[in-house]
Structure formats: structure tokens, C-alpha cells
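Protein chains in written order, with the numbering used here: chain A, 5 to 832; chain B, 1393 to 1538. Worksheet: the structure to be examined is printed underneath.
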């Protein structure tokens, strides 16, 4: 040893401090002489042994908490890597047998500090104590009673520790709840985003062909040399196309409202002129329905509003009134200004709106007529848009009864834009988002069952699992004052009882005869109905490590025996209350999710069904015109007509697919059964016959099997796949071959075409909704948005199958779908 | 539809609330070179009343063929179809559903109530000519499938 290097071992071991050095697993690796003396131990006897083996709790002291507190402190050092100062501890020391054995009462003030190695990892823990026994004894001697001193010095410290532990547990619980809520919120908002994008996509896709229809029709109508009867037919086309456009705009507005993108663009306008203009759109319709359409307005009324949106308000109100007014009736629009506000009244002589329904007419998709003769006269969005637009203007809208008994809708808007309007814009949108959310919440709350006021017959059920009959009776009696209690004496019996009638809380002993409490919890958590059931564990004192393990394993709370009955009841109540409130939150969220889905389905259904009708008129009248004008049309006009018909038919196809897709989401159909592929293919070919003949396509097939599925679905799948092959074809007449191959329990059905094929990069994407691989109008009859293949995928997957495409560009494409084989019918 | 049709005069009752559809059918029947009388009722309740009136008055002049839209104000085409098929006086008149819906549910319901045909409204002129041909076939006097 060099002269400059002190002997650290000697310094450590003989120094005055009471030091114990532990490895991270709490094995004693070094100890100072002073510590040995204070604890009446020998170095050779304790080195290499576990700390708590050497220093156990005094078995004669029922309140002994030394081991628990020390181990908790050491764990904090390991976890946080920081020194931990402990409260004064009573930690009795084992007296050597030579000195009479037993335990000697001692009080300590310990500090545990980490020592890190060169690698930065925890190498040792230094446990330094001061023996404060003399001081405490002195205090004891000074005081009148031991108990008082204990309460001053020692018990206080212990209480603090307990409180700290509870605080930590509560914090963790709080964090967990916050996490769960965030996850729910994210799921909800991603669905909402999906819905909004779907609306936007649908609307956008439908607007394009409409523009293509309206363009040529407007051009034709504008030309001077159009005969009056032709002009009338063209007007039918134009009106229907514009009606469609209005529906589509409704959808788009809703999508924008939902996305929070709608902002007001204030402008100074003459509201009277605006109203007359809006109403004039309906003159023709009113004349057709023999309805008197009147406007009573001042010559001019200057206001500051978003002109587009106020016009939509007027249009929607008038169209709604016309919708419900019978032939020979009257629709009256009145405009006036009253004290800084303008008032628009639209009244009709229809059936009126019953008092009870007046609030709900402004809800989306509300339809006035119900029952067998229910008609979808619109998207059911008109009044909801009115309400939203009015609210954007900080106006009001309400329903009243008109003097004649019909409905009267009253809209009030401020005459002037709010001061500092540009600044207020963002806030207006925010306000809307908040309102939508509040509405969703209200609907969800309405649907939630009213709370129950816990009378005994429907009090929460608690299952008590305890093998000691006396303990079991004690726990059960304690809980019986507030809960309905069921008992089980072992884990197996408990599991059976819980599965038969899931309780709201399970109170179980840690040690059970057939299975440990921890294993019981693991078993409970395997069953979905019991996954969230709170479990409280009854443990013996000193099982702290076990408890942490249990909490990790899904136990919600524990109680140390012996316990105060009041505490057991209080904890049980808390657990049940928490569980119920998180269940209610989940229910509310589910409700909102379902509502969102239902909206999506209904809007798609309404869009498809209601838009089909006017579209059919557009294509038929265009053809009719083209037919009757054949001799008079120049090449340019003929092309215009063809464009109108093509666009209308293309849109009609898209709508049909969209409708099928929407109906599929309804999901209230028969379960799959035996479905014959050959019959389905024949039906699909028959449906497509006109187009097949038109392009000279040839369809061949091998013998096709029966599969487990729905024949209706198979027809649609074949039809979509064949139509796809026809649409994306090469220069020659297309050749399509359908074959099938048995693979295990499945049949793989293949539809192979000789078209241009599909780049492998898009093999998955072609099955997405609204995927488009070709530019609009690049092939002869236009390539619609991909609803067809998305529909196929949904149909096949609904029956437990898969669909995919195999293709090399330039060598055709093969669409394959797999469905379970139907067992062959047994021979007689 | 170049072939001349020898069937005499055909009385057609169309229950349809869209005047454009009525106009189109009238045009198509006219192009088929047919002598016909097309009565249009545009309201479900009125149609139901008319059908009940026809069923009650034996010997009244009855239509040769009835076409029913499904979506009608107040009463659906299916309700009217049911009334027709349950009336001894009217059950033998061919009654077809004439609708834009090709949903399987509507088809099944129409078949169950005894519709003689289920015609989906076409969106091409050629299809419209086909509808005229079907109407003629339905209304043609002579032996009918029971």
C-alpha cells in the first residue's frame, strides 16, 4: 500500500458512524464497527445475508412496522436514485442468546443513500442510522405517559407515512383514469373525422357529374333557336339537376359544419331583394303543386349578413314549407325589421308541427312524416342547417303555429354584423363546435338510464371470497348493511358464482385453499364480463411486496387485516362508485359512437335514394330530347346531349353502389348459408347483359361450387367484378374467365380479365372507398370513384371471406375471393 | 317496338305522384303505337279510395292493367296492392309495381302480396320502351297464368 493512499476499509469500519452497506438486492456487503455494536451483531454473522433475515420485526410487538417502512424506503432509493430520509423508527433489535435472547426496544433515525458504479447503475445502498433510543427514552421518561409521547413523536410520523402512501396510490389511480378517458376520446374523434371525410367525399364526387350535366343544359337553354316544348323539357332537366345540387350542397355544408370549417363572410346586402330572389326559385314548383307562394317584404332592407348562408336559410325554409303544404295551399314569407333585428316568418297551410316535435324538427335527418307512407323528400338536413346558420349569425329560429293551423318558422337575425367581426370569426366556429359536442352529450345523457337510489332490493351485489368461516361471516355482515352479499369459500366456487351473476365488487382473501387470490384475479380477468369488476384483496400486514404485485395483476384495492369495518364499507362504496361512473362514461361514449354510425348510414342512404330520382329524370329527358331533335342537332349539340346522359348514368351507378354500401352497414340481415356461385354468376351476367353486348365481351366459366355466404352478396360481387373488367378493358373486346379452386376448407373463386392490369403498388388500395386509379374521364365511359370494389370487400368480409387482386400491368388482372366451402349435399 | 300491336284499346291505371314519370310512360306508350287511356292518380289515399270504390261497384268499368309506384304520399303502393289483391272483383286485374327501388326487400314484399310484375323504372329510353311492352303484355286479353 502506498504511503499516500489511506486504508479506506479501516477508515470505514472503525469510523464513528453507524453504516450498513447493501447491494441492490438488499444483501449486506459491509458494515461499520459502530453499527455492529449498536445492533448487537457480529460482522461474520451478518455479511452476505439478506437485510430482513438479520433484522426481522419484533414478533412480540403487534404494531411493528420496521421492516415495512425500511423496505418501502429502500425501494424508493432503488426507483428514484435519490437519498431517502426516514421518520424516526421503532425497530427492535434481537438480543444475542448470551445476553438473554429476545428483543430490545430501539428507536432509530435512518437515511438511505444510493451509490452508483462507473457504469452509472446503482451499485450499493448506504444505510446510515443514528441510534436515538436514549433520546426517545429520555422523552419517554420526561412525559407522564408513554402513549402521549408515542403520539407526539412516533405515531405522527407513521400517520404521515400512511398518508403519503395513499396519496401515491390515489395519484396513480388518477393517472390511469385520465389515460382511459384520453383513449376513449381519441377513438370517438377518429370516428368523427372518418364520418366528416366520408360526407365530404360523397358530396364532392356527386357534384362533379352534376356540373357536367348543368353545363351543356344551360348552354342549350341559352341558345335562341330552341323550340318552346324543347325548352320546357330542358328546364325539367335543369331543375332536377339543380335540386340534386342543392341536396349535395346540404351534405357538403353538414360536412363542413362538422369539420368546423364554416365561417361567415359578412357583407352589406338588401335582404328584401335576396329573399325575393330565393323565393323566386320556387315559383315553378309552387305553380306545379298549385300552391300560392307569397312574399310580403319592404321595398328594401339593408343588413350585414353572410349573403350565401342567409339565402340558404330562406331556401331551406321555403322548400320545407312547400314540402308539407298540400295542393291549393299557401306559403307566405314575411320580412320585417324590429328593434335592430330582422324577422323572417315562413308560414304554410300544411298539417303543422305538433308541440312535442317542435324542438326536434331542427335535428338532423328528422322527417316529418312517419309510418308506412313515409317518404324521403330530402336529406332531412334542411332545417338543421337553418338552425346552424342562424346560430352562426347569432340569430334565433323557432317554430310557431300559423293562424291557419300550419307551421310557421320564425328566424331572427341581428341587422348588423357584430362589432370587430373579423376578430369574432374564429370564436363563432369554436362556439359551434362546443354546441355540437353539447348536443351529442345531451343525447347520450338522455339515453342513459336514470340513476338508481340504492334501496336494499337493488343494492349492488358484492361477492365475498374467504375460506375462514368466521372471517367470512364478519366480512359479509359488515358489507350487508349496504350491499347484497354473496359468499364463496374458495376461488373455484367464487369464479362460478361471479360468472353466473357478475357482481359489482369482489372482496377476496389473499390466501385461499384452492388458488391464491392473485391467481383468482388473473382468472377473473380472463373473462370479458369480469374484466372490469373491481376486486378488493384482504391481506395480512407485512405483505407489501405482494400488494404491489397484486395491484399490477389487476387488483383494485387492498385492506390489511385486522381492519375497521367502517373502512371496509367505505372502500367498497368507493370502488363501486368509481366503476359505475367509468361504466357510465363508457356507455355515453358508445352511445355517441353508435349515433355517429347511424348518421353516416342514414346520410348515405338518403343521398343515394333521393338523388337517384331526379337523376333518372335528367337522363331520360335528355335522351328524349335528343331523340325528338335528331334532325335539328349539330354535332356539337349531340355531344352535349351525350355528355349529359353519360354523366347522369355514371352518377346513377355511383349512387347505386353507395346505396348498397350504406345498406350493408345496416347489418340486419339473415345469416350466411349455402350459396351457389354458378347461379349468382348467371344472375350477375343477366343484369349486365346490355353492357356486355355493347362491348362484345365474352364471359366463360368453369364449374363453380357452392360456398357459405349469401347468394345476393355473391351476385353483387360478381356484378362489380365483371363491371370492373368491362370498364377497364383493352382495345379488343374483353374476355373474362371465372374459375374456382378448392383450398382446404375454402373455395378460391377467380375472375380473370385481359385488361391493362393494375400496378402492384395499388393492389390493396383498389379496395378502398373512393380510390381512383384513373383520371376522371380517361376511359370511354368514365371511371367512377371506387365504391364497387370497396363494396365487394365489405360483402366478402362480412361472410368471413377475403378478397384480393393479382395482376401484372399489361397482362390483365385476376380478382380472387375466398369463402368457406359449403359441405356437399349428402347423397340420398 | 317496330312491330304493330294488335290488342285494341287498353285502359291503364297508374298510381304515381311524379308527373314527369307519368309523362314519360305516356310518351313511351304513345311511341309503341298503342291505343290507350292512361288514368293517373298521384296520391296514395286517393288511389286507395278509388280502388275500394272499383271493388265495391260490380260491373264498373275496370282498368286492364294497374301500375303502382311504391313511394306515394299517405299510403304506399304495397298497401294499395294488398287491397287490390284481396278484392274478389279486382284480384284478377294484372297489377305491377313500378318503382325506382330495386331493393330485395321491396321485391319480396311485392311478390308476397301477389304483384304480377315488379318493374324497376328505367333510366334509359330503351328501357322505357321495354316498360311499354311489358304493360301491353300484362294488359293483353286472353288466357292468363292463374
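Note that beta-carbon positions come from the ideal geometry of N, C-alpha and C, so glycine has one too.
- Identification of residues in the region 621-638 of chain A having a C-beta nearer than 7 Å to some C-beta of chain B yields 621, 623, 624, 627, 628, 631, given in sequence order.
- When the Cα atoms are used, residue 737 of chain A and residue 763 of chain A turn out to be separated by approximately 22 Å.
- Residue 139 of chain A carries a helical assignment under DSSP once its states are collapsed to helix, strand and coil.
- Of all residues in the region 1414-1438 of chain B, only 1416, 1419, 1436 come within less than 8 Å of chain A when Cβ atoms are compared, listed by chain position.
- Using a CB distance below 7 Å, the part of the region 1464-1498 of chain B facing chain A consists of 1464, 1465, 1466, 1467, 1468, 1471, 1492, 1496, ordered along the chain.
- Listed along chain B are 1515, each with a C-beta nearer than 8 Å to that of residue 656 of chain A.
- Judged by DSSP secondary structure, residue 802 of chain A falls within the alpha helix (DSSP H) whose first and last residues are 792-802.
- A distance of 7 Å or more separates the beta carbons of residue 1439 of chain B and residue 1466 of chain B.
- Interface annotation, residue 595 of chain A: not in contact with chain B, CB-CB separation never under 7 Å.
- Shown in chain order are the members of the region 712-740 of chain A whose Cβ falls below 7 Å from a Cβ of chain B: 716.
- The criterion of a C-beta distance shorter than 7 Å is not satisfied by residue 1524 of chain B and residue 1430 of chain B.
- With its beta carbon less than 7 Å from one in chain A, residue 1412 of chain B belongs to the interface.
- For residue 1520 of chain B, the chain A residues whose Cβ falls inside 9 Å of its Cβ are 624, 627, 628, in order along the chain.
- Here DSSP, grouped into helix, strand and coil, assigns residue 185 of chain A to helix.
- Per DSSP, residue 1477 of chain B is one residue of the alpha helix (DSSP H) stretching across 1469-1478.
- Listed in chain order, the non-local C-beta contacts of residue 820 of chain A below 8 Å within the same chain comprise 752, 753, 754, 755, 807, 808, 809, 810, local neighbours out to five positions each way being set aside.
- Note on the region 690-736 of chain A: whole beta strand (DSSP E) runs with a minimum of 3 residues are 702-705, 710-713, in chain order.
- Distances from the alpha-carbon of residue 134 of chain A to those of A/91, A/717, A/125 put A/91 closest.
- Assigned with DSSP and collapsed to three states, residue 234 of chain A falls in helix.
- With its beta carbon less than 7 Å from one in chain B, residue 617 of chain A belongs to the interface.
- For residue 44 of chain A, the secondary structure class from DSSP, reduced to helix, strand or coil, is coil.
- Around the C-beta of residue 1401 of chain B, fewer than 16 other C-beta atoms lie within 10 Å, and the residue is accordingly described as exposed.
- Listed along the chain, the chain B residues whose CB falls inside 8 Å of the CB of residue 240 of chain A are 1412.
- DSSP, read as helix, strand or coil, puts residue 366 of chain A in helix.
- Secondary structure at residue 1513 of chain B: coil, using DSSP grouped into helix, strand and coil.
- Residue 36 of chain A and residue 44 of chain A have their C-alpha atoms roughly 12 Å apart.
- The distance from the Cβ of residue 750 of chain A to that of residue 823 of chain A is about 7 Å, consistent with a contact at the 8 Å cut-off.
- If you compare the alpha carbons of A/34, A/59, A/65 with that of residue 51 of chain A, the shortest gap goes to A/34.
- By the Cβ test, the region 288-303 of chain A is in contact with the region 322-336 of chain A, since at least three Cβ pairs between them sit closer than 8 Å.
- Two segments are said to touch when three or more pairs of C-beta atoms, one from each, lie closer than 8 Å; by this definition the region 234-249 of chain A touches the region 617-637 of chain A.
- Bounds of the beta strand (DSSP E) holding residue 565 of chain A are 561-565.
- Fewer than three beta-carbon pairs drawn from the region 122-131 of chain A and the region 94-106 of chain A are found closer than 8 Å, and the two stretches are therefore not classed as touching.
- Contact annotation for residue 653 of chain A against chain B: 1515, 1516 [CB-CB distance below 8 Å, chain order].
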